[in-house]
Every structure is written in C-alpha cells, then in structure tokens.
Amino acid sequence: MKRSNQRNLSYGLGKRRKKATAQDGNNNKRTEDDPISTEAALTFFHAMFNPEKFDGRVPPIIFTHQLYSVVNNKTQVDREVNELKEKKEVKVFCLGSETETCIVFTKDYKDCLRKNDRCPSAITEKFISKVVDGSKDLTFNKSTMTQFGFPEQEITQLVNGGLLTVRALGNWWLAIPGAGVFMKCYRKGREAILRTIRTSRFKEILLQDLEGRKLQAVQPLGMKYHIYDILGAESVTKIQTTSGVLLKYDE
Numbered sequence: 001m002k003r004s005n006q007r008n009l010s011y012g013l014g015k016r017r018k019k020a021t022a023q024d025g026n027n028n029k030r031t032e033d034d035p036i037s038t039e040a041a042l043t044f045f046h047a048m049f050n051p052e053k054f055d056g057r058v059p060p061i062i063f064t065h066q067l068y069s070v071v072n073n074k075t076q077v078d079r080e081v082n083e084l085k086e087k088k089e090v091k092v093f094c095l096g097s098e099t100e101t102c103i104v105f106t107k108d109y110k111d112c113l114r115k116n117d118r119c120p121s122a123i124t125e126k127f128i129s130k131v132v133d134g135s136k137d138l139t140f141n142k143s144t145m146t147q148f149g150f151p152e153q154e155i156t157q158l159v160n161g162g163l164l165t166v167r168a169l170g171n172w173w174l175a176i177p178g179a180g181v182f183m184k185c186y187r188k189g190r191e192a193i194l195r196t197i198r199t200s201r202f203k204e205i206l207l208q209d210l211e212g213r214k215l216q217a218v219q220p221l222g223m224k225y226h227i228y229d230i231l232g233a234e235s236v237t238k239i240q241t242t243s244g245v246l247l248k249y250d251e
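Counting from 1, position 84 in the sequence shown corresponds to residue 84 in UniProt numbering; the numbering is continuous, with no gaps.
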C-alpha cells in the first residue's frame, strides 16, 4: 500500500463543516482545509456525547487533546479555550492527572450539579452562585472557600457530593459529579480500541475495519469518541493509503 504519513487529518468534522458552510457571505468557496475554530470543534464533540448513556447525570465531557485531533494548531486551541473560560462559557477540569484536562460547557455543568442528589440543593445553589459563576479557577484552598462563605461542614458535603475533589490537605479541584463512572467507561473503551490495534497484524488497522468492530467497551461513549481520543493523544498515527485511512499503533 502507498502511504503518506499525516497526523490529525479531519475525521468526520470536515464533512460536517463542508455541508454546513459550502460558501461564505462573499460567495467565496470554502474547502475542508479551512481553519476550524475551537468553539466549532467543541460543538461537534458535544453533539457526539450521549448523556443518556449515563442516565443524564454526566454532562458532555470533551478532552482537550480531542480538540487537537481536529484543530491542527494546539496553541490556538489553548488560547481559544482560555477565552471561552474567561467568558464563563466553559469550565475546565482535571480528570485522571493534572496534565489531563477536559472541558464542559458551563450550562451543562450547572444542569449536572442540579440533577445531583448527593448534595443538599441549598448548598449546590450556593456553590453555583459563588464558585461556578463567581470564579474561573480550577483549584480552591480553604481560605478561598471560606471567603466564598463555605464553612468546613459544607465543604465536606461538597466533597461527598462530588462537586469538589481533594487535591491535597486543604486544597480541592473543581469536580464533576459522576466523573468516576465516566472515567471507568472512558478507560475501558480506550484500552479496548488500543488493544485491537496493537494485536492486529503489523499493529495497524484500516479505520473502516475498526469502525466495524463490535467492541462492547466502547458503547457508552461511541467508537468515534474514542478514535478522536487516541488520535489527539497521539497514541496512533493516521496514515492515508490507497485502501483507505490506516491507524498505526505508536510504540
């Protein structure tokens, strides 16, 4: 097969964009090589996520590295995510490690908090008002939480309810209720796909063949969600061949 190494080629989003914006206001034709905004990519991934797979209790979660798979400029992604965060349109979280960041639309996050029955509604509403609406930070210490008007007992309830996660003694991450269930599904699906590629001949597989595999572990989030994940994380290389797109496992 003839190969030409190409990373981060459009996978799905380009076709969607082409259909939606075949021409601009000046009648100049647009192509699939046009720059994609981070906000457009977020909307694309948001539509891909099905909250009902988690009984509507987990909001659409988008990993930053997934955006890298469709927006070729990482600096642009980081800058535009920060701009959206400053406008309070999105919230940024750490899941798994301090270097693994994900994004949730603020409206979805608030809806998730209000559906969460593990924390008293009065404390949840106070948290939304003081922390979600009143701060752009990702981490909070005891002094900050005290300034927001949360006594130690309420902080404990926020932690028990999944709205905060302990980072260190007297220090907490902003958290997503139900994130533990999500991460379990995410890791299982990711490993199932990577194992499939890793155990294939030459540790590579045609994209269309992978999409045709019935992998139970990927069902909650969907095959496309996981493919964008492994592409953005550079766990695989995407190669254009005469037989179609090939995914090759990166050692």
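Cβ coordinates follow ideal geometry from the N, Cα and C atoms, glycine included.
Residue i versus the options, residue with shortest Cα-Cα distance
{"i": "G170", "options": "E211, S143, Q147, D137", "result": "S143"}
{"i": "V58", "options": "H226, P220, I227, T75", "result": "P220"}
{"i": "N82", "options": "T101, V70, G96, S97", "result": "T101"}
{"i": "T139", "options": "W172, T75, C119, F45", "result": "W172"}
{"i": "K184", "options": "R201, L207, A217, G149", "result": "A217"}
Residue burial classification, residue i (beta-carbon count within 10 angstroms, cutoff 16)
{"i": "D229", "result": "buried"}
{"i": "A122", "result": "exposed"}
{"i": "E32", "result": "With a pLDDT of 44 at E32, under the threshold of 50, the predicted position of this residue should be treated as unreliable, though the coordinate-derived value follows. Result: exposed."}
{"i": "G25", "result": "Confidence at G25 is low in this model, with a pLDDT of 44, below 50, so its placement is unreliable and no value can be given for it."}
{"i": "V166", "result": "exposed"}
{"i": "K136", "result": "exposed"}
Endpoints, alpha helix (DSSP H) assigned at residue i
{"i": "Q216", "result": "Looking at the DSSP string, Q216 is not in any alpha helix (DSSP H), and its letter there is neither H nor E."}
{"i": "K184", "result": "179-198"}
{"i": "L210", "result": "207-211"}
{"i": "F44", "result": "38-48"}
{"i": "I230", "result": "223-232"}
{"i": "residue 264", "result": "Only positions 1 to 251 of the chain appear in the structure, and residue 264 is not among them; the question remains open."}
Rounded separation between residue i and residue j - CA only
{"i": "S79", "j": "T124", "result": "At residue 79 the sequence reads Arg, which differs from the Ser that was named. Cα-Cα distance, rounded: 30 Å."}
{"i": "K248", "j": "T242", "result": "15 Å"}
{"i": "A168", "j": "A175", "result": "14 Å"}
{"i": "A179", "j": "L95", "result": "8 Å"}
{"i": "Y186", "j": "H65", "result": "14 Å"}
{"i": "K224", "j": "F45", "result": "10 Å"}
{"i": "D250", "j": "I197", "result": "10 Å"}
{"i": "A192", "j": "T146", "result": "44 Å"}
{"i": "I227", "j": "E152", "result": "42 Å"}
For residue i, the first and last residue of its enclosing beta strand (DSSP E)
{"i": "N72", "result": "N72 -> no beta strand (DSSP E), and no H or E assigned at all."}
{"i": "F105", "result": "101-105"}
For the region 139-166, which segments carrying the alpha helix (DSSP H) assignment without a break, of at least 4 residues, lie completely within its bounds, in sequence order? Fully enclosed alpha helix (DSSP H) runs of 4 or longer: 142-147, 152-160.
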